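Asks:
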Amino acid sequence: MFHKRFRVLVFIAVLVLVLSACELPFTISMKDQAKSTVAVEAPGTTGGGESESPDTGEQPQIPIVAGPPTPTPFKYAGPMPSAGTGGVYGRLLWNDKPVGDIQVKLCDEIEYFGGCEGAEYPTITDANGVYIILNVPPGSYGLTYKALDSDTWYYVTSGLMNAKDFEIPADQMVSVGDHKTVRTDLVIISPQEDERLQGVARPTLSWQPYPDAAYYELTFHGGRMGSIIHRKQLTETSFTLDRDLQTCDYSFDIEVFNANETVIAEYDGWRNFEIAGLPTSCKLMLQTPQDGASVTANAITLTWEAHPWAGTYKIIMYPKDNRDNKVLDFVETNNTSYTLTQTVTAGTYEWYVAAYDQFGDSLGFSDTFVLYVTNP
Numbered sequence: 142m143f144h145k146r147f148r149v150l151v152f153i154a155v156l157v158l159v160l161s162a163c164e165l166p167f168t169i170s171m172k173d174q175a176k177s178t179v180a181v182e183a184p185g186t187t188g189g190g191e192s193e194s195p196d197t198g199e200q201p202q203i204p205i206v207a208g209p210p211t212p213t214p215f216k217y218a219g220p221m222p223s224a225g226t227g228g229v230y231g232r233l234l235w236n237d238k239p240v241g242d243i244q245v246k247l248c249d250e251i252e253y254f255g256g257c258e259g260a261e262y263p264t265i266t267d268a269n270g271v272y273i274i275l276n277v278p279p280g281s282y283g284l285t286y287k288a289l290d291s292d293t294w295y296y297v298t299s300g301l302m303n304a305k306d307f308e309i310p311a312d313q314m315v316s317v318g319d320h321k322t323v324r325t326d327l328v329i330i331s332p333q334e335d336e337r338l339q340g341v342a343r344p345t346l347s348w349q350p351y352p353d354a355a356y357y358e359l360t361f362h363g364g365r366m367g368s369i370i371h372r373k374q375l376t377e378t379s380f381t382l383d384r385d386l387q388t389c390d391y392s393f394d395i396e397v398f399n400a401n402e403t404v405i406a407e408y409d410g411w412r413n414f415e416i417a418g419l420p421t422s423c424k425l426m427l428q429t430p431q432d433g434a435s436v437t438a439n440a441i442t443l444t445w446e447a448h449p450w451a452g453t454y455k456i457i458m459y460p461k462d463n464r465d466n467k468v469l470d471f472v473e474t475n476n477t478s479y480t481l482t483q484t485v486t487a488g489t490y491e492w493y494v495a496a497y498d499q500f501g502d503s504l505g506f507s508d509t510f511v512l513y514v515t516n517p
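Per the numbering used here: the sequence shown = residues 142 to 517.
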């Protein structure tokens, strides 16, 4: 399956950096981890926490009628590479059918943010969806290909973010098999991009019906909470949130699947919107010590405002230049204050607080405050 375009990678990257620094319970919902070989978007136009918060309860299984048969396996009978070089061949499908005139590149290396790097060996698919790349120096390469009618590039992965390496020996043609590209033309109706919904606790998400769609999958993120809904299957073209939201930024993505359970289309990016005016917020407010305050090493008490839905809080504190050497490593409390029992050496520290509900799901977290600690 597939990841989103460049701006979604920016969104993920920023969230990963924030959450890795904060170590909040969040896992990028890459949508592909159920398969051993998947396709991920390569950013740009040169191709390239701990756990997420799943839906509560079991996801209902949507009955899918049988789709059209997939193409018969392709057998290569083309030219061989020049002596001392190698080559690759494969096929691109869309909606379980071969698709022609799609750009494909073999790359020395594929970087998650940089796309295709080093030498590139480009080609396009023929009317049968087949591509052939000849006379490549022996070595390890990544493969990237383009979406239909879009500047989005995807690359074949071997895991969460790493491009899969194809070893190409001399005097051989290597099959990379079939891969499935997508369209990025799903139209979301509501909310509008960057729309601000005032006081709406349970907004309705809607999109236009897509041809050949058997079902849709919805992934919904809270700006400070990670994944709230992960790949929820829907046959309808709208969904009203089944839990109260908070004042916060949100984003969601819709993928379209055919009757063979193959993703054929998705929204071009993530639809972002904001909810304001609700009594709870995903941003916790720290109180004392204030940002940039100085305290003595033997008298450190941290306080913050209560979150109405919180069952517990976790506090993180670390030297500003050494996040790995934590003074407080997700120390848990049911209170809205915490007094350090250990003596802290003089220096500059950062601290923040995360809130969780009674089920252990993230409700949000605070900004990070700087704290100057002096000797007693």
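Glycine included, C-beta positions come from ideal geometry on N, C-alpha and C. Keep in mind it's a predicted model, so treat the numbers as computed, not measured.
Under a three-way DSSP split, which group does residue 448 fall into?
Replies: Of the three classes helix, strand and coil, the one that applies to residue 448 here is coil, per DSSP.
Asks: Looking at the structure shown, is residue 507 part of a helix, part of a strand, or coil, going by DSSP?
Replies: In this structure, residue 507 counts as strand in the three-state DSSP scheme.
Asks: To the nearest angstrom, report how far apart residue 470 and residue 217 are at their CA atoms.
Replies: 56 Å
Asks: Does the region 375–382 come into contact with the region 290–298, if we say contact requires no fewer than three beta-carbon pairs (one atom in each stretch) closer than 8 Å?
Replies: no
Asks: Of all the options 436, 245, 384, 317, which has the alpha carbon lying nearest to the alpha carbon of residue 289?
Replies: 245
Asks: Please tell me whether residue 277 and residue 228 are closer than 9 Å, where the distance is taken between their beta carbons.
Replies: yes
Asks: Suppose the cutoff is 6 Å on Cβ atoms and the five residues either side in sequence are ignored; what does the same chain contact list for residue 336 look like?
Replies: Closer than 6 Å at the Cβ level, and outside the excluded window around residue 336, lie 414.
Asks: Using C-beta distances below 8 Å, list every residue in its chain close to residue 467, excluding the 5 sequence neighbours before and after it, in chain order.
Replies: 457, 458, 459
Asks: For a test of the three-state rule: what should DSSP assign to residue 273, helix, strand or coil?
Replies: strand
Asks: Go through the region 213–281 residue by residue and report every complete run of the beta strand (DSSP E) that reaches 3 residues or more, in order.
Replies: 227–235, 244–252, 256–265, 271–277
Asks: Report back the beta-carbon spacing between residue 511 and residue 489 to the nearest angstrom; my notes put them in contact at under 8 Å.
Replies: Right, the Cβ-Cβ distance comes to about 7 Å (below 8 Å), so this counts as a contact.
Asks: Once DSSP output is grouped into helix, strand and coil, what is the label at residue 305?
Replies: Three-state DSSP puts residue 305 in coil, outside helix and strand.
Asks: Looking only at its chain, what residues have a beta carbon closer than 8 Å to the beta carbon of residue 477, apart from the 5 residues adjacent to it on each side?
Replies: 444, 445, 446, 447, 454
Asks: Taking only three categories from DSSP, how would you classify residue 383?
Replies: coil
Asks: Rounded to whole angstroms, what is the Cα-Cα separation between residue 305 and residue 283?
Replies: 6 Å
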